[in-house]
Structures are given as C-alpha cells and as structure tokens.
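Colleague: If you're matching them up, the sequences are chains W, Z, B and R in order.
For what it's worth, this note's numbering labels the leading residue of the first sequence as 309, then goes sequentially.
For what it's worth, this note's numbering labels the leading residue of the second sequence as 309, then goes sequentially.
For what it's worth, this note's numbering labels the leading residue of the third sequence as 309, then goes sequentially.
For what it's worth, this note's numbering labels the leading residue of the fourth sequence as 309, then goes sequentially.
Glycine included, each C-beta is placed from N, C-alpha and C at the ideal position.
From a predicted model like this one, the values you see are computed outputs, not experimental measurements.
There are 4 protein chains.
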Amino acid sequence: MLILMEPAATIRQTGEVLALSERVNLRPYLSQAQGRRVIALTSEDEALAEQVRALPGVEEVRPLHDGAKLSTRQFQSRDSVVVVGGNAGSKRVSVTRGSMVVMAGPCAVEDRETLLECARFVCDAGAQVLRGGAFKPRTSPYAFQGLGVRGLELLAEARAATQLPFVTEVLSIDDLPLVAEFADALQIGARNMQNFPLLRAAGETGRPILLKRGMMATLDELLLAAEYVLATGNPSVILCERGIRTFEHSTRNTLDVAAVPVLRRRSHLPVIVDPSHAAGDRELVGPLALAGVAAGADGLLIEVHPDPDRARTDAEQTLSLPQFAALMPRIRSVHKALHSGEGAMEALAGA
Amino acid sequence: MLILMEPAATIRQTGEVLALSERVNLRPYLSQAQGRRVIALTSEDEALAEQVRALPGVEEVRPLHDGAKLSTRQFQSRDSVVVVGGNAGSKRVSVTRGSMVVMAGPCAVEDRETLLECARFVCDAGAQVLRGGAFKPRTSPYAFQGLGVRGLELLAEARAATQLPFVTEVLSIDDLPLVAEFADALQIGARNMQNFPLLRAAGETGRPILLKRGMMATLDELLLAAEYVLATGNPSVILCERGIRTFEHSTRNTLDVAAVPVLRRRSHLPVIVDPSHAAGDRELVGPLALAGVAAGADGLLIEVHPDPDRARTDAEQTLSLPQFAALMPRIRSVHKALHSGEGAMEALAGA
Amino acid sequence: MLILMEPAATIRQTGEVLALSERVNLRPYLSQAQGRRVIALTSEDEALAEQVRALPGVEEVRPLHDGAKLSTRQFQSRDSVVVVGGNAGSKRVSVTRGSMVVMAGPCAVEDRETLLECARFVCDAGAQVLRGGAFKPRTSPYAFQGLGVRGLELLAEARAATQLPFVTEVLSIDDLPLVAEFADALQIGARNMQNFPLLRAAGETGRPILLKRGMMATLDELLLAAEYVLATGNPSVILCERGIRTFEHSTRNTLDVAAVPVLRRRSHLPVIVDPSHAAGDRELVGPLALAGVAAGADGLLIEVHPDPDRARTDAEQTLSLPQFAALMPRIRSVHKALHSGEGAMEALAGA
Amino acid sequence: MLILMEPAATIRQTGEVLALSERVNLRPYLSQAQGRRVIALTSEDEALAEQVRALPGVEEVRPLHDGAKLSTRQFQSRDSVVVVGGNAGSKRVSVTRGSMVVMAGPCAVEDRETLLECARFVCDAGAQVLRGGAFKPRTSPYAFQGLGVRGLELLAEARAATQLPFVTEVLSIDDLPLVAEFADALQIGARNMQNFPLLRAAGETGRPILLKRGMMATLDELLLAAEYVLATGNPSVILCERGIRTFEHSTRNTLDVAAVPVLRRRSHLPVIVDPSHAAGDRELVGPLALAGVAAGADGLLIEVHPDPDRARTDAEQTLSLPQFAALMPRIRSVHKALHSGEGAMEALAGA
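Here it is as structure tokens:
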C-alpha cells in the first residue's frame, strides 16, 4: 500500500506510521512527492490499511499493486526537475521538460591533459555537464578498467577549471562512498540496471542518479529500476535511452527513439538520450542526437575526445572536438524548432 | 560481373553483350546508371570477362561479388531523384536528398466521401502525395481485405480532385497490371519485402517503387530487395523505414531511426520514414515523425483519417485531420532547422 | 461467424448458406472439420446469424472474433493427420502426433546424378519424404535461383526411383499449377509466410502444405497464416519451426524449440522442426534435430548433400551422407525414449 | 599475454613473474590449468614478453588478444569437471561431459516445512543438487525479496537431512562471505551476468560458480563473464542456458537450445539448462528439459514446489512434486538414448 501523509503532517506523525510498519515486520519505503511524505509498504492487508488510516496526519492509503508507482504520472502529474551540480563550485543545472542539457566528455578518463582539454572545449561549445568514466565496466577482464580514484580526482580538477558538474559511473557498492563524495551525479550503467542492491545503495547517497536503460530491458523494467531509487526517498532520477539489442547489426545498438515519448507519457522523470552507445559509429552520432532532440528528449549524453582514434575505449563512436562543435548549434536549432511557436509539442498529441 | 557500356554505346552493341550472355546460358540484368547501360551477369568467370571486354562499346567489366550493387554509393555516388506523379493530371514530386515529401492518407480506402475529404485536407495542409490501400494484407483471413478495384477508382478520383499523385500497395503479380495502370507509385509492403517474384514484376512496370523494410529485415536485406527492382532496369526506388520487431512491446514496432543515416551512407536511393506503423499509437506518431526528419529522412508516410476511431484498419495509429494539421508546420520547422545554415548536416560527419 | 453444418447436411443445404452469404456480399470460407462442413463468414451481424440459424442443415453458429479458428484445439480437439504421397507411385506417409517423419534431401536440386544419389541414400537411411528446391528464394537477385521446371522433373524421377513422395517450395502463384502437378506437398517458405495471396492459392490446389514459420513471426501469426490455407477448405497443413531471428549470431537463427509444445497445445496440426536453417552450421544440425524430437516434434526437415561443401546453396548447414546416416538411429532412439513407457509425454503436463 | 609456467615451476619462480608484472604496473591474473600455473597480463608488449621468457620456470608466452581465453578449448581441450558438494556432510557431485546432474528445488525458500518436504522429494526422485533462493532479485522493489540468512540456515538443514549439496544465488558482494560459508555452489543470476565486481569477488571465494546467461547476453559475453571468474584462479564454473529475450512472447524467454552445442564446442566448461525460466509455464518445462538433454546438456536446473500455485515467486513455471517425479525417468531415458551405442554423440559431428 502507498500511504500519503498530509502536507502538514509532522515528523512525529510520520514516525508513528514507520513504527507501526516495523511492528508488523514490514520495511517502509519513505519518499517525498507532491509536497508531502509518502510511505510505501509491501502489503495490501486491508486490516492494516484501516489501522494506518486511523493514524493522525495520514491523508490517504492507496493500493500498490505490482509495477512502478513513484515514477508514474498517476502518482505525480507535474514534471520532475532534477538538479545536477552546486558542489565544489560547480554550476547548478536543471534537467526537466523542455531543457536540453548536453552532457559531454570522454568515455573513460585517461590522463590529465586530455581530460582538461576536452572539458574546456565542451564547456565552451555549450555543454552543461561533464561526463567521464573512472571505473569502467568491461566485457573482458583483460581490458582497461579505468583509472579509479585517480580518475575521480582528475574529474574534480576539470570541474574546478570549468565549473561544469560531472557525472560518472559507479560499478559497485564498495566504491559508492568514494564516488558519491566526488561526483555531482552517479551513473548506473546499462549492465547494472537490474543490480538491485546497487540501485538501492546509490539511491541512499542522495545524489542524482542517471539511470541507463539495460540493452534488453523493457520500459516497464526501466521504470521499476527507477522505483528502487525513488523508494529510498531520493527523487532525483534521470532516465537515459541508449539503444537496445536487436537483430540489426549495422549499428552497435538500435536507438529506441520512441522510448522518449513513451517514458514522458508514463513518468514525470526527465529523459535523456545517449546517441553514442546506440550508434557505435561516429558518423551516426549526429543524426541520432538530433532524432533524440526531435522526439522530445530533455538532454543528451555524448562521448567526445580530443583524439578519438586513440581513445582507449569506445573509439569508434567518439566525436572529435570539431565534430562536437559542429553538432551543438544543430542541436540548439532543432530544439528551438520543436519548442517555439504556440502550443509546440503539446499541441501534437492533444489536438 | 558488372558490365558498364560506354555512354555512347549503341543498342546493337548492347545487344551483342546480351547475345553473348545467352550463349553461355546466363540471364543478363540490364539497367541504366550514370548515363550508360549496365549489364549484370551472375558469373565471375575471368575468361568470359575477357570476351566481354573485347566487345565494342564495352567500357569496363567489374567484379560483382555478393551483395547489393546497383543501389550502392560505390556504384553511383550522386543522390538519386525519384519522381512520383505526372499521370492523369497529377503534379510531379521529386523525392531526393533534402526534400521533405509528406505522403498522407487513410490506411485503407473505405468509401468515396471519407477518401475525398481526407485527400483535400492533407493536400491543403501541405502533403504532396496521397496514400491509401485498395488491396490490404491482413494477418487474419477473416479481416477486411480492402475494396480492390473500386478502391483504385476512388484514389484516381481523389487524385483528379487534388492533383496529388497517389501511392498504393500491390500484393500480388496478378493485380500488378491493374494497379500499375492506376497508381503513380507502387508500394511493396513490409510482409512482401522478400517476395522476389513480386519485386521483379513490380520493377518491370517501370513505376516508382516505395519499398518498405520488412519488420524482420536487416538493412543489407532491404538493399538487396531494392536490387531486385533495380536489376530490372527500373531506377526509381524509395526506401522506407517503418519499424522493426524487437522485444519491446510498448510500441507496435521499434522505429530504427538509425536506418536513415545508415542507408543514406550506403545508398544513393531516397529514404523516407513511416512513423505510423512504427508507433502503433496516435500520440507517438508526431514525435517519431519529427525524429525521422531530424535523422535526415527525405519524406514521411503518415496515416490520416477524418474519423480515426472508426477507421477499419490501423485505427490506433491514425492521426485525425487536426492532429495532422498541427504536425505539418512542426515537420517543416525541424526540416528547416536541419537544412539551413552553411554546410548543414554534411558538416556533422565530415568535420 | 463460424457456421457448423450438421454432419448429415446435404450439399444443397450447404449451398443455401453459400447463396445467402453471396446475397449479403460476404465471401464464404468453406472448410471441412470434425466430419462436417464449416463455413466462416467475416461478419458478426446478429440479424444475419439469426437468418443462418433458420436454414435447414445448420447445426450451430459461433462467433468468430479475431484470431485463428480452424487451426485451434477449441475447434478440433483430436490431432490432425496430414497424408503426404500416393501420387505417381509414391508411398503414403502420415504426419501426425507420435510420428517421426524425416524429410531429407538437398537444399536445391542441382543435377540428376547428385539428386538421385542423395535420394537413394536418404531413402535407405530411413527418410520417408524427399525434399529439394527447384525454385529458390534468394536474398540477392544475382544468386543461383534454382533449375525451375527441370528441377521438378528430376525430383519426379527421384521419386520414381525411391517411391519417396517429395516436397518442394513454391514462390509464386504463377508457378503453382506446375509445381502442384509434380509435387506431393508444397512448401511455403519463411519469407512467404505472410504472402497471403500465395497462401490462398496454394491452399486451393488441395495439396498438403508445409508452412514454415517466418523468421520473425510470432506463433500467433504462424497459426493465422495456416488459417489462410485452412479457410480454402484444405485441411492438410504441416507447421514447421525453423528458427527465429534474434540478437544471437553464433547460429544462423535461434531454434525456438518451445514452439513445438506451444503449437501442439494450441493446434491440432502436426509440427515439424527444420534444424538445418536454424543451425546454419553442419555440426549443430544433429543436436538441434534431437532437441526437436525430444520437445515432441512429429517430423524433421533436414538438408543433406553427397558433397556438401560443393552445394550451391546452404553449404555450411548441409549434412554429408555419412553424417545423416549417423544421425538417423539417434533420432529413432530419442523418439523411442520419448514415446515408450506408460503415459509417455502426456504424463508430464497432466501429472 | 598468457604466461604458461612449466609444470615443475616453483612458487618462487612464479613469484618472480608476479613481481615483474608489478614493476611494470600490470595486474597479474593467476590461474591453474593443464597441471601448471598460468598468468595472464593485459599487455602484448613484445619487449616485456622477451623479459618474461627469460625468467626461469616460464615455459611459454602466448599472445592474448581480446576475447575469452581460459574458458576456451584452445586453452584446455579436455572437458572440465566441476565438483559440487562435500561440505557439511553433503555428497560430492561431478558436473561434466556426459553427466546428467538434476538440480531441483523451490524458486525461493519460503518456510522450513515446505523446503524440507521438497528437498526430500526431489532427492528420492533422483535429483543430485538442491536449489533454492534465499536472496531474490526482484524487478519491483515492493516484491518479496527472500528470507536472507534464515533461508541459508534452512537450506543447510535440508542439506543435512538429504545429503544433497545446495546452490543458491548471491546478489551482492556484501552477502558473499555469508553465502559462501553456507552454500556448496554460488549462483550468479542472469541479471548479474555482467556485474563484474561481483563475478570477481564470487570467483575469489573458491566456491563453484553456476553462471547463468543474461537474457540479453551473447554466448561470447557469457564466456567472457566466465573469464572474470576463471581469471581469479577459480576453475569451477558451470555455464547455464536459461532462455534469451526475443520478440516471441508465448514463452517467458526463448530457450536457445543451440547454446548447448555451441558452448560445448568452444569451451571445456560444463553446460546445463534451466527449462523453468525459459518456459515460464509449467506445462512447457518437461519438453524444454528433454530438449536440453537431447542437445547435450550436462545437467538441468528445475523449479519444484509442493504447492506450486502458492509459491511466492515463479509460481507459473514451477513443477509440482508429481510432475517432477514423472519427468525424471523421461530425462534418464532420453539421456541414455543419447549416450548409449558406440560413438554416440561424438559420431554426429565427426562423421
């Protein structure tokens, strides 16, 4: 069941509900939504629901069947705003409906000079968030696994130099305290989308979570993965479409561009697109980025490197600096074409 | 082997090559490209190639391994222009790189009034080609199979009323003479993409062919299907991405928007997008159409109906007239955003 | 609606129903099932149903919504028996629940000697039906397209030499009269599974139809394709699982071995497995054939060639004669293991 | 590079190689194979290879490109034998080529009585390993997540009662010490197949690892995931095919039965099949289990419950006790049919 407290409910009143749930041996999922505290309990026992309704400060008890709850429009109709940044001097960036936040940088952090050059360039070109991997998930155990802590330090230095907040992937619970200390936002990669203990632990850090869709995950499963984070009380989740695995092998993955309007319709969470992993091919990154924008994405995640052919990971799909610079104004103009005029996108579905 | 005749080669000289191929028991595929006649033979015998090279009027003999030939950029680097229309008073429309030809109309032709209302509306809203099915491929034998000849007559009437050329699907060789007599362009549907006798026979009518990608087909296979048409000497093929089948069932199919830049890179043929069949859901047609435009499509194929909920086929994915009217300016503005400025799209890959 | 005539209904009584359906402009689908005539009409009009019920000889009128009807267990609970052969001196072979009919031969008919050698060998090894392609569907227009009529003549000669009935693929309606004259059974290939005019025309020949699942067709769609044949009144359809297209490319296709028990549960039609096209690799044909047998298939369709590496089509997946000879006793012993003992397979689900 | 020590190399000599790798800043992967120590280094530097070759006790240095190494037949041609059990009084069971080890039990451990009843029954019916989940990965955060430690205690009690070793899933590194203390073998579930830190940590416990294929994973990726375990020096990995995600939704997943012979050909590791998760439907578990046996699997993993309809997880696909009892002799007879006779399976590919 989903317990909605009154907006004016006190901490003590909320505490009563939590205490009751403990007495009946249920783990309460405390979160915040629509300006009030919300508690999810994994029971639909009607007698218990009655007990809960009788407590002071409880406004409503709704059934919570299977499926996503906290991420849905049924639960919260207005669009969420996820703020990234504001740490260690970085700028605050809002990812939400109508924004076009470009997150750019190298796939993996490799060395100081390369990272700084890249960060300064993408910043000047209009990117608002820096991306870069310090811990890399690699299909082969013998492949380059990232610089680890040293990578985080370099990202922090690039942040200081550009004021761009940075997002970086976290692979294991053990690394979480460290990564959460450094990073402005934590990326959960496609391979970990259903690593449920990691989702929970990442949610509990309170950092914004950039959650990438698994390459063979349905949109239902993506929303349920987001639910693991939201159920910890952390409302800051950005969903990311990055291509799914299909029979077609002309591209690394198949960008499911329809995921953008489908997720937007079902969820209040912001949705961004990663054209780089979908394409797996530098020449296709531009068209896929623009397709994502035109489909209504709130941001993009793009791999950029000063010398892409020498990048240690994902070289084929990484844009050069001039390619990125050429793409940015195109992104802006398509985004503007979409959102200008009366009614804009909303008109289409509603007409 | 691929035999390129000299631009000034005579019919008699070409005839000599055909005669030789018959003597060695090979079927010659005669086509026209780059301002000259081209003959494909399914043999790579070097002795034969020598014989051919010795004939007058032969400029070059190239090896023809597996795979598409006539549809590739290697064979013809400049973009093809497919002209639809010019029959029975219809306007001539060019589908090619940089065009944005919207083809719109009902899924199936149902009755005179509905079709005429729809045709006039989409014409006024800026569509340049009318679409409508007279013969319908239906998964169940018990479903509505189209009006047949009567449907073709109504389409011709709508053409006369609007000057819009029309495209309609052909399902079998038996129907071809009739459909080719009426229609400005012939659609080969997704289920028939590998119906090779039909492809050949449709090609031989000389009509422009709108070739839809099979829901199970790779882009390689789509280009080889186009090759069946091109090998008849008919150069007018429009490729159409309409979504592929994947595990994701939130949408009817998964629009493989990357197909647009991939096909554009490999082939000189124009590429259009059908957002209606990909979406399977009216509300998603707009975002997918715009994504297709932003990815570089040369046109769109959209289902529209004056009363979509009462359409006998594909009701869920059919736009109402006001929805279509609201979408058109958005299509124009995204297309303009993409193609304006110096260098435009070409800059992206080349930078 | 589905109109079931009484078992003792006369031809004249059936004619009355057909006449009525014509008066209301509906195409009647006449078939035979459960010892009675059945007429499907694509209308659920209740007034019409009343009229039909009032006619003499009509036993029952059932609603016929979407979806397969004649192929289902709801419609006919006992297993169908499809008899192949009995023409031109060939033996009659029954494909049905509990049978293990091995159909073997070359992918394509290439020449007289090879075909005869192959036919005699597979006959001696225990195959009961000869397979071989005279008309080949090829992804590329430049690939070998089969011997055509000459291929049919050679198959007929091999039949005369071995008494094996033969099955061969038909690609177009134009070829149907010829192929149906020669062949004991007609194969509809995977690429034509939704070539609806071909399905109808093939059904109307009255020959048994071996219907292969499209490589991206759901089992629902396969049953609906069968329905096109059954609706012509031809009850002899053999369903064939031959692998579906997935992301896994270690094999040519992914054998969906579960299709066997799923189809068996939903339909009374016999189900066979083609391990050759699923595997795309000679070494895997044996294990996949046995898996098909163990899953409950009623037969197998296997490509065999005296010199597989020189086969003009599908060389990689074609067994040599000794490989086929080694596989046959294994097929028999697994089949026996499955069907011996009390209760056998039926026990499993029912227990 | 892959460094093979001489069989008689001393620990000190191996230590020299490790020390050298540390001096050049490379992580050495120490494992045991073919009766000797093997060290993998992620560098192909030829100068370094020369240095290594010069060290005493080094027999050979081979290049190690991308891709799996330790799991391949190229590396070890004979079949691996993975021994499960021998702890706390459990029997030792060998999983290897030609074995048919049935692992059975409830999806999740729910309570003491149910588990003990189930364990005793499957033991009597011939199962050799008990399976049961104490920590459950659930798509929704609100679903039953398992009994945790209490579940492990109950599994240990069931083991004591039956002498069956047990395998149970581990979800996070934090739980590893506890689970490894109790369990005879650790299962890495499909969703964690690419949770690389977990693979490494699980490998380091030295326990046998039952590695399930991700529903989105290619066989290449499965072997590379096994490589993460093998590279820790733990040679005991059992590969498990459990169905992949495709467009076909008649079954929960599509059992890729060809994975068995493909993996067998490429790897020396034992391969088992989980028909329960592939089927998602009780009635299909039997046919899929038998298909797996016939394709050459070395074992099966089957969900069984005394009252399947009341199982808290995976109820639909769980066999009842009588269903399991009916299936076991069928498994034995198909397995016997496959492996009896001279040459048996080997004959097929080799002929």
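For B/L530, I'd like the list of residues in its chain whose CB is within less than 6 angstroms of its CB, leaving aside the five on either flank, ordered along the chain.
Modeller: R521
Colleague: I'd like the ranges of any alpha helix (DSSP H) spanning at least 4 consecutive residues and lying wholly in the segment 501 to 537 of chain B.
Modeller: 504 to 512
Colleague: Rounded to the nearest angstrom, what separates W/K377 and Z/H585 at their Cα positions?
Modeller: 30 angstroms
Colleague: Taking 8 angstroms as the limit between beta carbons, can you name the residues of its chain near B/E461, skipping five residues before and five after?
Modeller: Excluding sequence positions up to five before and after B/E461, its CB lies within less than 8 angstroms of the CB of F490, all in the same chain and listed in chain order.
Colleague: When you compare the CB positions of Z/E512 and Z/Q495, do they come within less than 7 angstroms of one another, or not?
Modeller: Cβ distance not < 7 angstroms, so Z/E512 and Z/Q495 don't count as in contact.
Colleague: Please say whether W/P371 and W/E352 have beta carbons closer to each other than 7 angstroms?
Modeller: yes
Colleague: Please confirm whether W/M553 has its beta-carbon closer than 7 angstroms to some beta-carbon of chain B.
Modeller: In the sequence on display, residue 553 of chain W carries Arg and not Met. Contacts with chain B at 7 angstroms (Cβ-Cβ) include W/R553.
Colleague: Among the candidates R/V568, R/D622, R/A525 and R/R400, whose CA atom is the shortest distance from the CA of R/G588?
Modeller: R/D622
Colleague: For W/F504, decide whether its Cβ has a neighbour in chain R, counting only Cβ atoms nearer than 7 angstroms.
Modeller: True, the Cβ-Cβ gap to chain R drops below 7 angstroms.
Colleague: Output needed for W/V391: all residues of its chain with C-beta closer than 6 angstroms, excluding positions within five of it in sequence on either side, in chain order.
Modeller: R400 and S402
Colleague: Indicate the three-state DSSP secondary structure (helix, strand or coil) for R/D387 in the structure shown.
Modeller: coil
Colleague: Is the beta carbon of R/L527 less than 7 angstroms from the beta carbon of R/V581?
Modeller: no
Colleague: According to DSSP, simplified to helix, strand and coil, what is R/F555?
Modeller: coil
Colleague: Which residues mark the beginning and the end of the beta strand (DSSP E) in which B/C548 is found?
Modeller: V545 to E549
Colleague: What is the residue span of the alpha helix (DSSP H) that W/A355 lies within?
Modeller: E354 to R361
Colleague: Is it the case that the Cβ atoms of B/M309 and B/R344 are separated by a distance below 7 angstroms?
Modeller: no
Colleague: With a threshold of 7 angstroms on Cβ separation, who are the neighbours of Z/L656 within its own chain once the five nearest residues in sequence on each side are excluded?
Modeller: In this prediction, Z/L656 has a pLDDT of 48, which is less than 50 and means its spatial position is unreliable; what the coordinates show is noted afterwards. Correct list: empty, nothing qualifies.
Colleague: Taking 7 angstroms as the CB-CB cut-off, is Z/V430 touching chain W?
Modeller: no
Colleague: Rank W/D617, W/E549, W/R560 and W/T562 by C-alpha distance to the C-alpha of W/R572 and give the top, closest one.
Modeller: Answer by Cα proximity: W/E549.
Colleague: Rounded to the nearest angstrom, what separates R/A567 and Z/E556 at their Cα positions?
Modeller: The alpha-carbon separation between R/A567 and Z/E556 amounts to approximately 23 angstroms.
Colleague: Please report the Cβ distance between B/S407 and B/D492, rounded to the nearest whole angstrom; I am assuming they are in contact, meaning their Cβ atoms lie under 8 angstroms.
Modeller: Wrong, their Cβ atoms sit about 16 angstroms apart, outside the cutoff.
Colleague: Ordered along the chain, which non-local residues of its own chain (more than five positions away) have a Cβ less than 8 angstroms from that of Z/T626?
Modeller: P414, C415, S584, R590, E611, V612, H613, P616 and A619
Colleague: Check whether the Cβ atoms of B/A433 and B/A634 sit closer than 7 angstroms, and answer yes or no.
Modeller: no
Colleague: Alpha carbons only, please: which of R/A451, R/G393 and R/R331 is nearest the one belonging to W/A348?
Modeller: R/A451
Colleague: Chain W beta carbons: is any one of them nearer than 7 angstroms to that of R/E330?
Modeller: no
Colleague: Chain W beta carbons: is any one of them nearer than 7 angstroms to that of Z/L596?
Modeller: yes
Colleague: Is the beta carbon of B/N503 less than 7 angstroms from the beta carbon of Z/N503?
Modeller: yes
Colleague: Show which residues of chain Z have a CB atom less than 8 angstroms away from the CB atom of W/L592.
Modeller: A566, P569 and V570
Colleague: Taking 7 angstroms as the CB-CB limit, is B/E368 close to chain Z?
Modeller: no
Colleague: Is it true that the CB of B/V565 sits closer than 7 angstroms to the CB of R/A605?
Modeller: no
Colleague: Does DSSP classify Z/Q340 as helix, strand or coil?
Modeller: Strand.
Colleague: Kindly indicate which residue of Z/L608, Z/A597, Z/G551 and Z/R553 has the alpha-carbon position closest to the one of Z/V579.
Modeller: Z/L608
Colleague: What did DSSP end up calling Z/A605 once you bin it into helix, strand or coil?
Modeller: Residue state, collapsed to three classes: coil.
Colleague: In the segment 609 to 647 of chain W, which residue ranges form an unbroken alpha helix (DSSP H) of at least 4 residues, counting only runs that do not cross its ends?
Modeller: 629 to 647
Colleague: Based on the DSSP secondary-structure assignment, which residues constitute the bridge partners of W/V325?
Modeller: None, per the DSSP bridge assignment.
Colleague: If you reduce the DSSP assignment to three classes, tell me which class W/F257 lands in.
Modeller: Because chain W spans 309 through 659 in this model, residue 257 of chain W falls outside it and cannot be assessed.
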